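If you read the sequence shown in numbering that gives the first Met the number 0, its first letter stands for residue 0, the second for the next number, and so on.
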Amino acid sequence: MSNRAKRCSWCGELASVKLPYARLSLCSNHFLEYIERRVKNTIKRYKLIRPGDRVVLSLSGGKDSLALLHILNSLGDDFELCALGVDLGIKKDEYSARSIEVSERYCRELGVEFLKVDLEKDYGFTIDDVFSSRRIRRPVCSSCGVVKRYVTNRAAVELGADSLATGHNLDDESTVLLSNYLNADIDLLVRSGPVLPSRGERMVSRIKPLYETSEWETSMYVYYRGIQPVEQKCPYALDTPISRMKEIVNLLEERRTGSKIALVRGFAKKIKPILAEHHSALGEIGQCEECGYPTSTSVCSFCRLRKRVLNSK
Ligand code: FES
Ligand code: ZN
Ligand code: ZN
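Okay, structure coming up:
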């Protein structure tokens, strides 16, 4: 996509953004409006939020979740919105401190309630501890995923939320989907899609309002809104197989415009309902013997991870 100057298709002013897939050129104001409408339509199409819902947004200070904060906040007061930040205790480049600072600042500016989970204070360890622990062999990012999923769900349950919104975008979703298709990973496929419904009292349903909005679009959105996301990259972010898969999906999009949206929309509308019906992955789920939160094993992966990190400290 290029930013070649043209006239805005909606108002005739000088265009700032060209969207070839939609055959549109838009000025910055109409681009912001276009993205907000898109997210609103995604919420409607997949029934992500109902009137009166209490929505907790998981906020990292990155461009996607900050864009989502502004978009959800612009959608009116049909539902209640609050934001949640997790201080992961990553000291390098002051990554965690900056993430919390940026998240807190934008919530204050918009008047959105901001709540923080402090991994060290609340659970006794940090992601830096996970990295230094010799007992943990999996990549830090994957342990961090377990931690974030657990602590955000737990906080959302405690806040009485109806749903937990995350900033996963079209690029994340199409990439993970293709990778799960290639691995024929039915369990993960059943858990993919714009909404992962709750499976019990202590599990809040997870929603992805940016399911049909690309990374490029959220970057442009924050840029034209004048939002400055945290500039540091997570020091543990690696060149993983999933980032290589992202390149493949980008290539696919280049050769066949609309591939990403076709992948995610086709999955959510046609494939997931059939999979969910025929697969038991969304069936009964037990309770962790240690914390009481939902798990399919006797002790949940968060409690196992925490124990190993605390034992090696
Ligand atoms: Fe968790 Fe990077 S944010 S490892
Ligand atoms: Zn315009
Ligand atoms: Zn547990």
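No residue lacks a Cβ here, since even glycine has one placed at the ideal position from N, Cα and C.
Note that the structure is predicted; figures quoted are calculated from it, not measured.
Item	Value
Considering only the beta carbon of each residue, do residue 245 and residue 170 sit closer than 8 Å?	yes
Would residue 145 and residue 308 be called neighbours here (beta carbons separated by less than 8 Å)?	no
Is residue 16 buried or exposed, if buried means 16 or more other CB atoms sit within 10 Å of its CB?	buried
In chain order, what residues of the same chain lie with their CB nearer than 7 Å to the CB of residue 229, ignoring the 5 residues before and after it?	60, 61, 97, 98 and 101
I think residue 262 touches residue 176, with their Cβ atoms under 8 Å apart; what is that distance to the nearest whole Å?	6 Å
Determine the closest residue to residue 119 out of 237, 85 and 80, with distance taken between C-alpha atoms.	85
With 8 Å set as the bound, which would you pick, yes or no: does the beta-carbon of residue 156 sit closer than that to a beta-carbon of chain B?	In the structure shown, chain B cannot be found, because there is only a single protein chain.
Would you kindly work out how many angstroms separate the C-alpha atoms of residue 51 and residue 73, rounded to a whole number?	16 Å
Verify the contact flag: residue 18, CB atom, against every heavy atom of ligand 2, threshold strictly below 7 Å.	no
At what residues does the alpha helix (DSSP H) containing residue 155 begin and finish?	139–157
Mind checking whether residue 111 and residue 140 have CB atoms under 8 Å apart?	no
Just grab the DSSP bridge partners of residue 17 for me.	24
Taking Cβ to Cβ, would you say residue 24 is nearer than 8 Å to residue 164?	no
Using 7 Å as the cut-off, classify the Cβ of residue 105 as near or not near the heavy atoms of ligand 1, replying yes or no.	no
So for residue 2, helix, strand or coil by DSSP?	Its pLDDT being 48, under 50, residue 2 is placed unreliably in this model, and the value from its coordinates should be taken loosely. In this structure, residue 2 counts as coil in the three-state DSSP scheme.
Our contact map puts residue 45 next to residue 193 with C-beta atoms below 8 Å; I'd like the distance itself, whole angstroms only.	4 Å
How about residue 55 and residue 83: are their beta carbons less than 8 Å apart?	yes
The beta strand (DSSP E) with residue 183 in it runs from where to where?	No beta strand (DSSP E) holds residue 183; DSSP gives it neither H nor E.
Under 8 Å: do the segment 197–204 and the segment 63–72 share three or more Cβ pairs, one atom per stretch?	no
Do you know offhand how far residue 260's Cα is from residue 275's?	21 Å
Please look up how many angstroms separate the CB atoms of residue 208 and residue 47, rounded, as I've assumed it's under 8 Å.	6 Å
Who pairs with residue 84 in a beta bridge, going by DSSP?	115
If you run the structure through DSSP and keep just helix, strand and coil, what is residue 293?	strand
Between which two residues does the beta strand (DSSP E) containing residue 56 stretch?	53–57
Measure the alpha-carbon distance for residue 311 versus residue 299 and round it to whole angstroms.	19 Å
DSSP three-state label for residue 307, please.	helix
For residue 264, which of helix, strand or coil comes out of DSSP?	helix
Skipping 5 residues on each side, what residues in its chain have a beta carbon closer than 7 Å to that of residue 78?	48, 50, 51, 52 and 54
Give the straight-line distance between the Cα atoms of residue 134 and residue 211, rounded to the nearest whole angstrom.	39 Å
Taking the alpha carbon of residue 156 as the reference point, which residue from 291, 95, 8 and 127 has its own alpha carbon closest?	291
So for residue 194, helix, strand or coil by DSSP?	strand
Drop a sphere of 10 angstroms on the beta-carbon of residue 20, count the other beta-carbons inside from all chains shown, and report buried for 16 or more, exposed for fewer.	exposed
By the three-class DSSP mapping on this structure, what secondary structure does residue 209 have?	coil
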